[in-house]
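Asks: Pasting in a structure now, in structure tokens, and then I'll have a few things to ask.
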Amino acid sequence: MLNNTEKGNAGEEIAIAHLLKHGYQILAKNWRSSHLELDIVAFINNTLVIVEVKLRAGNTFGNPEEFVTPKKQKNIIKAANAYIIENNINVETRFDIISIIQNANELSVEHIEQAFYPTLK
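Take the position in the sequence shown, starting the count at 1, then add 5; the result is the number in our numbering.
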């Protein structure tokens with residue numbers, strides 16, 4: 006049985022394969038700044054894409070993307086800002102979620118573009 010870190014890594018590998026298949030360039034995986042982390046940083050069509058990956062065995066308790074709470078979004082936005090400053094990036098940025106359901110009978114990957122937006126709060 007996989008632990009949570011192994012499950013997260015497996016989900017990120019599925020997400021990376023999906024992104025590469027659709028023409029994205031992967032810039033970073035598990036990028037960290039202090040206590041903040043970005044699952045995947047990608048680039049396509051002159052747009053920086055910050056991707057949060059959520060993997061679940063099923064949707065009994067809700068779809069995976071529903072677990073990207075407003076607090077989690079706020080931390081992702083803070084981390085993205087740090088990444089942009091550190092790498093001196095000056096292009097449009099969007100926030101996507103890749104929602105994965107994986108179990109013995111199913112592998113479902115849903116890429117939700119512009120899943121949330123940064124706010125001024």
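Glycine included, each C-beta is placed from N, C-alpha and C at the ideal position. Predicted, not measured: the structure shown is a model, and the values here were computed from it.
Please determine, among N92, F48, E11 and I102, the residue with the shortest C-alpha to C-alpha distance to G28.
Replies: The residue labelled residue 28 in the question sits at position 23 within the sequence shown. Measuring from the Cα of G28, the nearest candidate turns out to be F48.
Asks: Distance, Cα to Cα, A109 vs H23?
Replies: Indexing the sequence shown from 1 puts residue 109 at position 104. Indexing the sequence shown from 1 puts residue 23 at position 18. Approximately 20 angstroms, taken between the alpha carbons.
Asks: What residue from N51, L53 and A33 has the CA that sits closest to D44's CA?
Replies: As a first step, residue 44 is located in the sequence shown; it is residue number 39 there, counting from the start. Ranking N51, L53 and A33 by Cα distance to D44 puts A33 first.
Asks: May I have the straight-line CA-CA distance separating S104 from N14, to the nearest angstrom?
Replies: Your numbering for residue 104 matches position 99 in the sequence shown. Your numbering for residue 14 matches position 9 in the sequence shown. Each residue's alpha carbon lies about 14 angstroms from the other.
Asks: In the DSSP assignment, what residue or residues form a beta bridge with S39?
Replies: The residue given as residue 39 occupies position 34 in the sequence shown. Answer is none; S39 lacks a bridge partner.
Asks: Counting C-beta neighbours from all protein chains within 10 Å, is the total for Y88 16 or more, i.e. buried, or is it exposed?
Replies: The residue given as residue 88 occupies position 83 in the sequence shown. Y88 is buried by the Cβ-count criterion.
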